[in-house]
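The sequence shown begins at 891 in the numbering used here and counts up one residue at a time. Beta carbons: idealized from backbone N, C-alpha and C, even for Gly. Notes follow once the structure below has been shown.
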Amino acid sequence: MNGPKATPVHVCASTTIADALTAALVSGVDRLDAQLMLAHLLLQPRSWLIAHDDTALSDMQSIQYAQWLERRRAGEPLAYLLGQTEFCGLVLQVGPQVLIPRPETELLVDWGLAVLRDRLPSKGTASVVDLGCGSGAIALAIQHRCPAATVTAVDASAPALEIARRNAKSLGLPITLARGDWWSAVAGERFHLALSNPPYISLGDPHLAALHHEPRSALVASGHGLSDLYRLIDGAPASLHPGGWLLLEHGHDQGAPVRQRLQQVGFREVETRCDLAGLERCTGARFG
Ligand code: GLN
891 MNGPKATPVH VCASTTIADA LTAALVSGVD RLDAQLMLAH LLLQPRSWLI
941 AHDDTALSDM QSIQYAQWLE RRRAGEPLAY LLGQTEFCGL VLQVGPQVLI
991 PRPETELLVD WGLAVLRDRL PSKGTASVVD LGCGSGAIAL AIQHRCPAAT
1041 VTAVDASAPA LEIARRNAKS LGLPITLARG DWWSAVAGER FHLALSNPPY
1091 ISLGDPHLAA LHHEPRSALV ASGHGLSDLY RLIDGAPASL HPGGWLLLEH
1141 GHDQGAPVRQ RLQQVGFREV ETRCDLAGLE RCTGARFG
C-alpha cells in the first residue's frame, strides 16, 4: 500500500465501476479489496461487477467509496471499513472494539466440532465455552454447525460482548453471553469443551505495528505472550467435566510451552496442530 505521498483519490459523481477500480489501482489499494467495497456498496455479489463495469455509482456511493479508499490506503482493515467479515461461512459484524476473526482460527473451530461429533452421538448434549469471544466468532460458528450444543461466550469487554450479542441476534443463534475475566465469568459451571483464541503476542513483537487498528487487549499478553494462555490452562481443571477438552490458539513459537503447561496441570492426549502455513497454531488436550 502506498504511503502518505500517494496521489489523492478522486472519485466523482459520474464514476462507473470501471473508473472506481482504476481509482483503486492509482491509489495503491488492492483490487480485491476495492471489488469487495463496490460489491458491498452496490449490494451485489463480486462476480456481478465484471459484467456491469459501466454501471455508474450514485453520488452517495461515490463519496463513501472515496472515503473507504483513503482509509484503506492509510492501513485500516477492510473488515472495519465494511463493518463485517466472514468466518466459517458466517457474516459477522465487526468494529474496532473486537479482533477481526482470522482464517487460522477456523482450525480451532473444526477441531472443536470434531470433539463434539465424537461426544454427541452417545451423550446427546455438550456444553461449550468460548473464552475471550470478541465478535463471538468461535462460539457462533460452533453453535451454527452444532445446534445440539449449549454454547456460552465470555469476554471481559462490554463493547465486545455487545457486538457478539448483535451477531447472535442477527444470525438467530442462541448462545449465552457472560462478562468477566476468563474462567471467573463462568465460575461454578463445568464444560465438555472450552476453546479460546486469547491475546498471545508479546509486547515487543514487531508484528504488532501492523495490527494497531485492532484492540491491544485482544492481541497482547505479558510473559512473552503466554500469561493469558497459562491462566486459561491453570483454571481449566476446575471448569471442565472429567474428560473435557481445552483447545487453544497460540503463536507459532508457543506450542512447546503450552504443551508443557498442559502436561504439568494434568492434561493428557496433548496435541498441537499446524495452520495452512505449516506453523504450530493450536494445541488441545483432555483433562482427567
Ligand atoms: N493471530 C493474530 C495475529 O497474529 C493474533 C490473534 C491473537 O493474538 N489472538 O494477527
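Sorting S1086, L1006 and E996 by C-alpha distance to the C-alpha of G1024 places S1086 at the top. DSSP, read as helix, strand or coil, puts T1015 in coil. For D1071, the CB contacts under 7 angstroms within the same chain, skipping 5 residues up- and downstream, are A1046 in chain order. Between the stretch 1136-1144 and the stretch 984-1000, the count of Cβ pairs shorter than 8 angstroms is three or higher; the stretches touch. Residue selection by CB proximity (closer than 7 angstroms to any heavy atom of the ligand GLN) returns L989, R992, E994, N1087, P1088, P1089, Y1090, I1091, H1097, L1101, A1108, L1109 and E1139 in chain order. Excluding residues up to 5 positions away in sequence, L1109 lie with their Cβ nearer than 7 angstroms to the Cβ of L1101 in the same chain. In the structure shown, the three-state DSSP call for G1022 is coil. Within the DSSP secondary-structure output, C1172 pairs in a beta bridge with E1139 and R1163. A straight-line Cα-Cα distance of about 24 angstroms links E1159 and G1115.
Membership of H1034 in the alpha helix (DSSP H) is indicated by the continuous run A1027 to R1035. DSSP places S1060 in the uninterrupted alpha helix (DSSP H) bounded by A1048 to L1061. The Cβ-Cβ distance between S1017 and R1069 does not fall below 9 angstroms.
Within the DSSP secondary-structure output, A1043 pairs in a beta bridge with D1020 and L1067. Per DSSP, the continuous alpha helix (DSSP H) segment holding Q951 begins and ends at D949 to R963. Per DSSP, the beta-bridge partners of E976 are V981.
Under the three-state reduction of DSSP, P1096 is assigned to helix.
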